[in-house]
Amino acid sequence: MVEVIEVNSIKALKDFVKFPLKLYKDCNNYIPSLTLDELNTLRRDKNPAFEFCEAKYWLAYQDGEIVGRIAAIINYKAIDIWNEKSGRFGYIDFIEDFQVCSSLIITAEQWLISKGMNKIQGPLGFSDFDLEGTLIKGFEYRGTMTTIYNYPYYPKYLEQLGYIKDVDWLEYEIIMPDKVPEEVLRVAERSMTQNKLKLFTSNKKKDVAKYAPQLFKLINIAYKDLYEFTPLSDEQIKLYTKQYINLVNTDYVKFILDENDELVAYVFGFPSIAKALKKSRGSLFPLGFIYINKAFKKNNRLEIAHIAIHPKYQMKGVNAILFKELIESCNKRGIKYADLNPQLETNKKVRIQWRRFKNRQHKVRTCFYKSLS
Numbered sequence: 008m009v010e011v012i013e014v015n016s017i018k019a020l021k022d023f024v025k026f027p028l029k030l031y032k033d034c035n036n037y038i039p040s041l042t043l044d045e046l047n048t049l050r051r052d053k054n055p056a057f058e059f060c061e062a063k064y065w066l067a068y069q070d071g072e073i074v075g076r077i078a079a080i081i082n083y084k085a086i087d088i089w090n091e092k093s094g095r096f097g098y099i100d101f102i103e104d105f106q107v108c109s110s111l112i113i114t115a116e117q118w119l120i121s122k123g124m125n126k127i128q129g130p131l132g133f134s135d136f137d138l139e140g141t142l143i144k145g146f147e148y149r150g151t152m153t154t155i156y157n158y159p160y161y162p163k164y165l166e167q168l169g170y171i172k173d174v175d176w177l178e179y180e181i182i183m184p185d186k187v188p189e190e191v192l193r194v195a196e197r198s199m200t201q202n203k204l205k206l207f208t209s210n211k212k213k214d215v216a217k218y219a220p221q222l223f224k225l226i227n228i229a230y231k232d233l234y235e236f237t238p239l240s241d242e243q244i245k246l247y248t249k250q251y252i253n254l255v256n257t258d259y260v261k262f263i264l265d266e267n268d269e270l271v272a273y274v275f276g277f278p279s280i281a282k283a284l285k286k287s288r289g290s291l292f293p294l295g296f297i298y299i300n301k302a303f304k305k306n307n308r309l310e311i312a313h314i315a316i317h318p319k320y321q322m323k324g325v326n327a328i329l330f331k332e333l334i335e336s337c338n339k340r341g342i343k344y345a346d347l348n349p350q351l352e353t354n355k356k357v358r359i360q361w362r363r364f365k366n367r368q369h370k371v372r373t374c375f376y377k378s379l380s
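If you use the working numbering, the sequence shown corresponds to residues 8 to 380, in order.
See the structure below:
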């Protein structure tokens, strides 16, 4: 028998966050999230997304043991923007037992129906900076800090429950060339001159942090038409600035400014800390800090978290400037490989630019949906 109980205490919320560590303890490819970040994301008193979101969380129990978890989220800003009464499920994990999965999903569906929703999508979070998408291909490859890993039975169970594909994200691994290609050099030089652009450089995190508000506002502009995107509020920008500043390695954060010193393009990467997170089980204490610092100092793999170019400057060679600078930094620091954040299958403008690199498209993840009418 499966019993689904709502999370209604800090202790239960900590159990909710830590359950995947037990579920995936023997899975080498699973990479945990930072426990502290996930707790803060789920707490109403910590996450400013609750200004326009509502959520409930549940744990599934079997014989007194936790065997699954799920969150149901309503993002009212997304409902207004996309004109659809659609709720979300996320933070879903469960043992290989269809009854457990079914009990969790039905509980989330029933709550969303009671709130007037006529559709459910997921896995999605409160914003695009939360983990999203069920892995459907590439289970044999190690996960990353910024993506969900799940067992192959997850999508099978969801499909049995009537869920169908809404959209796919594709993931790529790219191989860094040992020098900047001549074509990239030419396009970068021409773009800098014709568009009157300049590169911002600094080896100090505090200088990078000054551009954080512009960075997130650029995301709001450049990403506004992407799947289920909702613009970040000022309070969310403050939160994400605080979270991401710890990941800043100035070698892999490249800002392009116009003649008025306004940010028009950027790429944000950081040395992969996947192995460090695995070793520390998602905790910074007592040794997590040490593992992460070591990964930052010595690594041959980069995670490219996101890239954005102002619509005014798209298709004008600005991405070549970013690539030139990134390749040079990677060569200098011994980076041979880079994992790209998931790319929407419909976002061909972004996907096509990676043709300049040797790459392999090795993972696919899906956002599912189901009508609740």
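Ideal Cβ placement from N, Cα and C applies to all residues, glycine included.
Computed from a prediction, not measured in an experiment: that's the story for all the values here.
Sequence-distant partners of P238 (beyond 5 residues in either direction) whose C-beta falls short of 6 Å from its own C-beta, in its chain, are N227. P349 carries a coil assignment under DSSP once its states are collapsed to helix, strand and coil. About 6 Å separates the beta carbons of G150 and Y37, which is inside the 8 Å limit, making them a contact pair. The shortest CA-to-CA distance from Q221 to any of Y170, L41, I244 is the one to I244.
Restricted to the stretch 8 to 88, the beta strand (DSSP E) segments that are unbroken, complete and at least 3 residues in length are 10 to 13, 60 to 69, 72 to 82, listed in chain order.
Annotation note: the stretch 288 to 355 contains the following uninterrupted alpha helix (DSSP H) runs of length 4 or greater, listed N- to C-terminal: 295 to 304, 325 to 340. Of the candidates I143, Y164, V325, K231, Y164 places its Cα closest to the Cα of V107. Take L142, set aside five residues on each side of it, and the residues of its chain with a beta-carbon closer than 7 Å to its own are I155, Y156, N157, K370, R372, in chain order. Residue pairing for K282: DSSP places it in no beta bridge. The Cβ atoms of A115 and F96 sit closer than 8 Å to each other.
In the three-state reduction of the DSSP assignment, R95 falls in the strand class, which pools E and B. The straight-line gap separating the alpha-carbon atoms of N256 and F275 is approximately 9 Å. Counting along the chain, D214 sits inside no beta strand (DSSP E); it lies in the alpha helix (DSSP H) bounded by residues 212 to 216. Around the beta carbon of D346, 16 or more other beta carbons sit within 10 angstroms, so the residue counts as buried. Excluding residues up to 5 positions away in sequence, A56, T237, L239, Q243 lie with their Cβ nearer than 7 Å to the Cβ of S134 in the same chain. Excluding five sequence positions before and after V357, the CB atoms of its chain that fall closer than 6 Å to its own CB belong to Q350, given in chain order.
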